[in-house]
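In what follows, a structure is listed as C-alpha cells, so that the remarks can point back to it.
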Amino acid sequence: MENSKNTLSILDLDETLIHCTPFEFENDFDFKIDKNRCRIRTGLTEFITKIAEHFELAIWSSAPDEYVQKISTIIKPNNIEFRFIWGKSKCSINEESNDLYSTGYDDTNSIKDLRLVNSEFAYSLDNILIIDDTPQKA
Numbered sequence: 004m005e006n007s008k009n010t011l012s013i014l015d016l017d018e019t020l021i022h023c024t025p026f027e028f029e030n031d032f033d034f035k036i037d038k039n040r041c042r043i044r045t046g047l048t049e050f051i052t053k054i055a056e057h058f059e060l061a062i063w064s065s066a067p068d069e070y071v072q073k074i075s076t077i078i079k080p081n082n083i084e085f086r087f088i089w090g091k092s093k094c095s096i097n098e099e100s101n102d103l104y105s106t107g108y109d110d111t112n113s114i115k116d117l118r119l120v121n122s123e124f125a126y127s128l129d130n131i132l133i134i135d136d137t138p139q140k141a
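Pasting the structure below:
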C-alpha cells in the first residue's frame, strides 16, 4: 500500500470501534464508562496500529466530549497519536434531518462537517477518509 500520510482517516467510536450499552453482558465487557459496559472491537489495536502506518488518524464522535476523551484514552495504543479527538461540540446541527437514528445521546441531527477539518488543519477534502457507522452524520 502506498504511504498516504498526507491523508487523514477519521474514526468514529460508538458502533464503529467500540460497542457500549447500559445492559448487562453477563460480565463480558472490556471496561465501564459512566453507566455503560463497553466492548472493544476484536483486533482494534492491530487495526489502529496498521492503518497508522499509512494515514494520520483522528477520532470524531457525536457523543459528549468528555465521554469521547475517556474512551479514546482507553483504546489508544501506546505508540499512536491522534491528530485530534473531537466530540459533539465539534459537530454541526442538521436542521432539516428527520432521521430517527439515535445512540442515546440525542445526536439525531448531529453531523460531522468535514469543512471544519479542512479549515482547522488544512486537509483537502479529497484527502479525508471517514469511517463511521452512520453515513447521515458524515
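The sequence shown stops at residue 141 when you use our numbering, and every number in between is there.
The C-beta atom is built at its ideal place from N, Cα and C for all residues, glycine as well.
Here the structure is a predicted model, which means the values were calculated and not measured.
Asked: To which residues does DSSP link R118 through a beta bridge?; Found: For R118, which the question treats as bridged, DSSP gives no partner whatsoever.
Asked: Expressed to the nearest angstrom, what Euclidean distance is found between the alpha-carbon atoms of T137 and N112?; Found: 11 Å
Asked: What beta strand (DSSP E) runs, 3 residues minimum, are completely inside the stretch 35-107?; Found: 39-43, 59-63, 85-89
Asked: With DSSP collapsed to three states, give me the class of L11.; Found: strand
Asked: CB A61 to CB I131, shorter than 7 Å?; Found: no
Asked: In angstroms with no decimal places, state the Cα-to-Cα distance between T10 and F85.; Found: 13 Å
Asked: Would you kindly work out how many angstroms separate the C-alpha atoms of Y2 and K79, rounded to a whole number?; Found: What is shown of the chain runs 4 to 141, which leaves residue 2 out entirely.
Asked: Could you check if F58 is buried or exposed, using at least 16 other CB atoms within 10 Å of its CB as the buried criterion?; Found: buried
Asked: How long is the line joining the alpha carbons of I83 and I36, rounded to whole angstroms?; Found: 22 Å
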